[in-house]
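J.:
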Amino acid sequence: MKDSQHLINLRARISALEIQQADSKIELTHFVKQTIEKLSPSNLLQSVFEGNKQGSAIPDDVANGFIGIATGFVSKLLFQGTSHSPVRRIIGTALMLGVSGIVSRNPEKIKGIIKGGFNLLSNLYKKK
Numbered sequence: 002m003k004d005s006q007h008l009i010n011l012r013a014r015i016s017a018l019e020i021q022q023a024d025s026k027i028e029l030t031h032f033v034k035q036t037i038e039k040l041s042p043s044n045l046l047q048s049v050f051e052g053n054k055q056g057s058a059i060p061d062d063v064a065n066g067f068i069g070i071a072t073g074f075v076s077k078l079l080f081q082g083t084s085h086s087p088v089r090r091i092i093g094t095a096l097m098l099g100v101s102g103i104v105s106r107n108p109e110k111i112k113g114i115i116k117g118g119f120n121l122l123s124n125l126y127k128k129k
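Just so we're aligned, residue 2 is where the sequence shown starts under my numbering, counting upward by one.
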């Protein structure tokens, strides 16, 4: 008798834990989807350019670093092109580091240029 009661209690507890596991799985799936959406490149860029207007989750230093690195990388690509010359690669890397450092310290002008470019593109697409 005692064993059957323990077995019934055990099965009831297992059922309750399975229900709890299913609920946790649903919550975790929802959380992962929200996190992936928040970390998509388009949302990250949008939050960088919106700044602190809506309480951006990205601090200004991180945004400035991102803009600096991106600008440095673009300058390296423009200088180096598809060249396989080691000298040109070294100069391109030095240029990238220099531009990244300068832009990271003074990002407001670059933000303005990028924002103006996005506004120009959005105006062009709205007219069509």
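Ideal Cβ positions, reconstructed from N, Cα and C, are used throughout, including at glycine.
Per the contact definition of three or more C-beta pairs closer than 8 Å, is the segment 62-77 in contact with the segment 92-110?
T.: yes
J.: Please work out which residues of its chain come closer than 7 Å, Cβ to Cβ, to Thr94, disregarding the five sequence neighbours upstream and downstream, and give them in chain order.
T.: Lys77
J.: Using the C-alpha atoms, what's the distance from Asp61 back to Leu67?
T.: Residue 67 is actually Phe in this sequence, not Leu. Approximately 10 Å, taken between the alpha carbons.
J.: Here's the rule: buried if 16 or more other CB atoms are within 10 angstroms of the residue's CB, otherwise exposed. What is Val63?
T.: Exposed.
J.: Quick one: give me the first and last residue of the alpha helix (DSSP H) that Thr94 is part of.
T.: Membership of Thr94 in the alpha helix (DSSP H) is indicated by the continuous run 87-106.
J.: Hey, out of Leu96, Pro87, Ala71, whose CA is closest to Phe80's CA?
T.: Leu96
J.: On the CB-based measure, 16 or more other CB atoms within 10 Å of its CB, does Asn124 come out buried or exposed?
T.: exposed
J.: Reducing DSSP to helix, strand and coil, say where Gly66 ends up.
T.: Three-state result, Gly66: helix.
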